[in-house]
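Offset between the sequence shown (1-based) and this note's numbering: plus 43.
Everything below concerns the one structure shown next.
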Amino acid sequence: MRDVPWWGVLSSVATPVLLVGGWTVAASLQPRFDPIADTVSALAAQGATDRWVMTLTFLVVGVCYIVTALALRPAATAGRLILLAGALVGMLVAANPEHPGDAYPIGHILVASAGLAGLVSWPAGAWRRGPAVPWGLRPAVAAAAVTVLFALVVWFGAALILGSGQVGLAERVAGVAQAIWPLAVVLSCLWRKNAAPASA
């Protein structure tokens, strides 16, 4: 089983840190922002204060996902390609910001949805079978990951459609889960590599 190189470990660790750090800094720059009710996209919307902070965060986090996908050599190629594609499409969110007064920004909705689809579904294409497979890439674990990630996105979508006032919270929980799962898989690969000599 091939190893995850150091730069993939670094990118997988950086993804959730940069995501949470980016939206925290961007939110602190706004004169009025409610992280429970307001979306992350609002931080990069036209008219937001220092919108470049969240825009740059979208781009840098996307690059981290791409680097992780390239480095995640123990995963099946299909899953790596789905993660890479989801990251590339997700980065287009930066090029399609929300606009004031536009309740349904179609371009933004399409690229955000496509990016979410990739970040949710990639474990389904990444799993492998065999005794040497890290736990994060086993079929049952991958299926559970997709189920949880999908459920969190459904919560976000329902909050958005129903206007429950928890859209921001739902989006942030889903975003953190999506960012942490590649890190969990990378750590499972490292754990398997370190455990293998002891079990031999």
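Where a beta carbon is used, it is the ideal one built from N, C-alpha and C, also for glycine.
Give the DSSP-derived three-state secondary structure of residue i in the structure shown.
i      : result
Trp170 : coil
Pro182 : helix
Asp77  : coil
Ser231 : helix
Glu141 : coil
Thr92  : coil
Gln209 : coil
Arg45  : coil
Pro117 : coil
Ala146 : coil
Counting along the chain, where does the alpha helix (DSSP H) carrying residue i start and finish?
i      : result
Ala69  : 49-71
Val83  : No alpha helix (DSSP H) contains Val83, which DSSP labels as neither H nor E.
Thr111 : 95-114
Val176 : It is not in any alpha helix (DSSP H) - Val176 carries neither H nor E in the DSSP assignment.
Gly133 : 120-134
Going by beta-carbon coordinates alone, are residue i and residue j separated by less than 8 Å?
i      : j      : result
Gly179 : Cys107 : no
Leu245 : Trp224 : The requested residue 245 is not part of the displayed model; the chain covers only 44 to 243.
Pro316 : Gly105 : Absent from the model: residue 316. The displayed extent of the chain is 44 to 243, so no value can be given.
Ile79  : Gly168 : no
Gly158 : Leu126 : no
Ala217 : Val196 : yes
Pro59  : Val219 : yes
Ala213 : Ala202 : yes
Ala114 : Trp50  : yes
State whether the segment 90-101 contacts the segment 132-144, with contact taken as three or more CB pairs (one from each stretch) at a distance under 8 Å. yes
Counting pairs of beta carbons, one from the segment 125-134 and one from the segment 66-73, are three or more of them closer than 8 Å? no
Say whether the segment 106-124 touches the segment 49-65, bearing in mind that this needs 3 or more beta-carbon pairs closer than 8 Å, one atom from each stretch. yes
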